[in-house]
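Report on the structure given below.
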Amino acid sequence: MPDCILAMDQGTTSSRAIVFDLNGDIVAVAQQEFRQIFPADGWVEHDANEIWDTSIKTAQAAFNEAEAKGFTVKAIGITNQRETSVLWERDGVKPVHNAIVWQDRRTAGVCQRLKDEGHEFEVQDKTGLLLDPYFSATKLAWLLENEHGVRAHAAAGKLAWGTIDSFLIAKLTGGKRHVTDATNASRTSLFNIRTQEWDESLLRIFGVPENVLPEVLDSCADFGETTADLFGRSIPILGVAGDQQAATVGQCCFEEGAIKSTYGTGCFVLMNTGENLVPSKNRLLTTVAYRIGGKATYALEGSIFIAGAAVQWLRDGIKVLDHARDSEALARQAGDDHGVYMVPAFTGLGAPHWDPHVRAALFGMTRATGRAEIVRATLESVCFQTHDLFSAMAEDGISPKVLRVDGGMVANDWLAQMLANLLALPVDRPKVMETTALGAAYLAGLQAGLYSGFSDLTAQWQRERRFVPAGGFGQREAMLGKWYKAVAAARSFA
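Numbering-wise (the working numbering), the sequence shown opens with residue 399 and increments by one.
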């Protein structure tokens, strides 16, 4: 019976499970969406029990399908929406509050206070991150201050906290393991990426007790075994990485300078910088790409909060789309001179602006504006935001020669071509688009000894299509000029 690997891909809007064979081909897949909870302006939560329920149901469905086809699942890899955090009772692994999602802006005031107190330099120097509500530390600090009895229970050792990977591992192992990997730890603002340890000074700044934090392991490690009742036997959990780092592995960006961009709920550009921890002068992030054998590989990252989520808003919010896939045809219907610009700041702007207060806006509408123009403007906004990230990278002295893309949005040929045009770079789309889940499977496979090293993985990567830049320089510059005006107007209004 051929071996295979189960990847649990817990995302912002859905939980997926994909089983890959050792050639990186999909054997089985299952997916379920779950609720998005918006308690107040700028607040975003998930029911952690729903996350668990959808995660285990999809994992069991994919597992059963793969084994019914004659495969044997040898290991589990986990990848997850990153900065989203959960606090739970150690006894029974029961969440004490909804998960606070990475998009949540409720701690903007806390971040401003910490900046005013002069802490941003130390936070950025040690973590590679900026002081922003995006990251996990202020989410935990908010729970400790605002949920009755939480701080006392934490001090008594009754509570555990972590990102979604930690919560899933605790549930999968029946509460036996409280662990995370270095990539997820590096997104908390509590983890010193230079020393690869939780940092005492940072814990004091954010008012976080160390006893609630998980043990930090390599991305390839023994994270524990599932309880036998979940899959009929215990299965080792051997690979973990945050979703964007997992996609970096899935895209085989193992060489220094290799760069990928993932278009899911948000958009995230990561460039491998090897052993070099590269600080950005232009408000990009320095982060851990992966840690294997105790050795950290670093990355430079640009984070866009809203990409596919804007298309979801078109579908579910204002209902101008029946299906997300319809966006390509509608974008093609709108003329190049449609004049509409969307700033998709539904939860603030990420890199390089880092403005948590700005909100989404549409500019340039006329009586002739219809569905096609609004859809095209929304898709173009994703490309404009990507261009902003690449401009920041260029100012940091980084000039990539080609971009590897993945995620559901870039199945859209029109969008992929627009990216190439605006970036003036070739854009490569891989044969296997599920690179986030694939990266988690690769990490588990490496730990399980199913692959001998990166060379085995690189040999599997295949390009499905290359999009080459086209169009005039003048048109590109005119569009970007109007985009900059739209962003400035939205920020001014906020």
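No residue lacks a Cβ here, since even glycine has one placed at the ideal position from N, Cα and C.
What does the Cβ neighbour count give for residue i, buried or exposed, with the cut at 16 atoms within 10 Å?
i       : result
Arg-730 : exposed
Thr-593 : exposed
Gly-547 : exposed
Asn-895 : Residue 895 cannot be examined here, being either before or after the span of the chain that is shown, 399 to 892.
Glu-545 : exposed
Tyr-882 : exposed
Thr-410 : buried
Phe-418 : buried
Glu-481 : buried
Pro-400 : exposed
Ala-464 : buried
Asp-502 : buried
Gln-873 : exposed
Ile-716 : exposed
Val-800 : exposed
Thr-470 : exposed
Thr-764 : exposed
What three-state label does DSSP hand residue i in the structure shown?
i       : result
Leu-682 : coil
Ser-599 : helix
Lys-693 : strand
Gly-572 : coil
Phe-744 : strand
Met-399 : coil
Tyr-532 : coil
Thr-764 : coil
Thr-776 : helix
Val-709 : helix
Leu-855 : helix
Trp-486 : strand
Ser-412 : strand
Leu-755 : Before going on, a small fix: residue 755 reads as His here, not Leu. In the structure shown, His-755 sits in coil (DSSP, three-state: anything other than H, G, I, E or B).
His-551 : helix
Ile-702 : strand
Tyr-849 : coil
Ser-584 : coil
Lys-658 : strand
Thr-561 : strand
Gly-672 : strand
Leu-719 : coil
Glu-543 : helix
Please name the residue in the options whose C-alpha comes closest to that of residue i.
i       : options                            : result
Val-830 : Cys-650, Ala-743, Leu-787, Gln-501 : Cys-650
Asn-447 : Ala-497, Arg-863, Ala-473, Ser-659 : Ala-497
Pro-867 : Ala-568, Ile-690, Asn-819, Gly-622 : Asn-819
Ala-568 : Leu-527, Val-491, Leu-813          : Val-491
Asn-609 : Ala-707, Ala-552, Thr-745          : Ala-552
Ala-405 : Leu-728, Gly-440, Leu-485, Ala-459 : Ala-459
Trp-540 : Pro-824, Thr-505, Gln-430, Asp-530 : Thr-505
Ala-809 : Gln-783, Lys-799, Thr-660, Gly-422 : Thr-660
Asp-641 : Ala-876, Gln-845, Phe-469, Ala-580 : Ala-580
Val-901 : Leu-542, Gly-672, Glu-875          : Given that the chain is displayed from residue 399 to residue 892, the structure contains no residue 901 and the question cannot be resolved.
Thr-856 : Ile-690, Thr-834, Met-816, Glu-653 : Glu-653
Trp-922 : Gly-664, Thr-833, Phe-852, Arg-827 : This structure gives no information on residue 922, because the portion of the chain shown stretches from 399 to 892.
Ile-690 : Val-647, Ala-656, Val-676          : Val-647
Val-676 : Thr-525, Gly-869, Trp-596, Phe-865 : Thr-525
Leu-570 : Asp-616, Met-791, Ile-449, Trp-859 : Ile-449
His-755 : Glu-832, Lys-472, Gly-507          : Gly-507
Phe-629 : Asp-794, Lys-472, Ser-678, Gly-440 : Lys-472
Gly-706 : Glu-515, Pro-742, Thr-625          : Pro-742
Asp-374 : Ala-892, Leu-848, Glu-520          : The structure shown has nothing for residue 374, since the chain only spans 399 to 892.
Glu-520 : Ala-792, Glu-598, Ser-850, Val-825 : Glu-598
Going by beta carbon distance, what residues of the same chain come within less than 8 angstroms of residue i, once the five residues before and after it are set aside?
i       : result
Lys-467 : Val-425, Ala-426
Trp-486 : Ala-446, Lys-492, Pro-493, Val-494, Leu-557, Ala-558, Trp-559, Phe-565, Ala-568
Arg-713 : Leu-719, Asp-720, His-721, Ala-722
Arg-585 : Arg-480, Glu-481, Leu-527, Phe-533, Ser-534, Thr-561, Gly-640, Thr-685
Take residue i and list the residues in its own chain whose beta-carbon comes closer than 6 angstroms to its own, dropping the five residues that flank it on each side.
i       : result
Val-415 : The sequence as given places Ala at residue 415; Val does not occur at that position. Within the same chain, Ala-415 has close Cβ partners Met-406, Ala-428, Thr-456, Ala-457, Ala-460.
Arg-575 : Ile-567, Gly-622
Lys-537 : Ser-483, Ile-498
Met-740 : Leu-760, Ala-775, Thr-776, Ser-779
Leu-512 : Leu-529
Glu-894 : Here the chain comprises residues numbered 399 to 892, so residue 894 is not present and cannot be evaluated.
Phe-744 : Ile-704, Ala-758
Ala-770 : Leu-728, Gln-731, Ala-732
Gly-573 : Val-491
Asp-616 : Arg-689, Ile-690
Please list, in chain order, all residues of the same chain as residue i whose beta carbon is under 7 angstroms from its beta carbon, the five residues on each side excluded.
i       : result
Ser-564 : His-576, Val-577, Thr-578, Pro-612
Phe-788 : Leu-821
Gln-522 : Leu-528
Open item on the list: If contact is defined by three or more beta carbon pairs under 8 angstroms, each pair taking one atom from either stretch, is the stretch 660-672 in contact with the stretch 795-806?
Closed with: Result yes; three or more Cβ-Cβ pairs closer than 8 angstroms.
- [ ] Determine contact between the stretch 431-438 and the stretch 548-562, defined as no fewer than three beta-carbon pairs at a distance below 8 angstroms.
- [x] Verdict: no, contact absent.
Open item on the list: Whether or not the stretch 821-838 and the stretch 475-489 are in contact is what I'm after, with contact meaning three or more pairs of Cβ atoms, one per stretch, closer than 8 angstroms; do they touch?
Closed with: Verdict: yes, contact present.
- [ ] Decide if the stretch 744-762 is in contact with the stretch 695-703; the criterion is three or more beta carbon pairs, one per stretch, under 8 angstroms apart.
- [x] With a cut-off of 8 angstroms, the stretch 695-703 and the stretch 744-762 count as touching, because enough Cβ pairs lie within range.
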